[in-house]
Amino acid sequence: MAFAQDPVMTDTQIGLAENFEVGWKYSYASFISIIIANFIRNLGWPARPLPTFNAPYIVAPVFVDAGIGEYGRCGTW
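To get this note's numbering, take the position in the sequence shown, counting from 1, and add 162.
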């Protein structure tokens with residue numbers, strides 16, 4: 163799953179607005195993953211949610227590889 167971040171909020175680079183937007187979208191994605199996993203389990207299939215902050219991999223490089231993310235200007239993810 164990927165949720166678009168508001169460009170107005172993230173264009174501030176470093177600051178409260180960007181931190182809020184990123185944190186909100188990560189939390190929202192985690193919440194949705196829990197809802198979807200519960201729905202799949204109710205259908206009788208095994209499923210477990212993978213909250214964003216508990217992923218066994220770094221999320222940003224996966225988005226870059228999928229073509230829906232970008233490297234940071236400072237050369238970081």
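Beta carbons: idealized from backbone N, C-alpha and C, even for Gly.
Since we're looking at a predicted model, the values are computed, not measured.
Could you compute how far the alpha carbon of residue i sits from the alpha carbon of residue j?
i	j	result
D168	E183	7 Å
I198	M171	27 Å
D173	E180	7 Å
L212	S195	6 Å
Leaving aside the five residues before and after residue i along the sequence, list all residues of the same chain whose C-beta is less than 7 Å from its C-beta, in chain order.
i	result
G231	A222, F225
K160	It is not possible to answer for residue 160, since the shown part of the chain is limited to 163 through 239.
R203	A209
Here's the rule I'm using: 16 or more other beta-carbon atoms within 10 Å means buried, otherwise exposed. How should residue i be labelled?
i	result
S189	exposed
Leaving out the 5 sequence neighbours to the left and right, which residues in its chain are closer than 6 Å to residue i when beta-carbon positions are compared?
i	result
R210	A199
G177	none
S241	No answer is possible for residue 241: it lies beyond the span of the chain, which begins at 163 and ends at 239.
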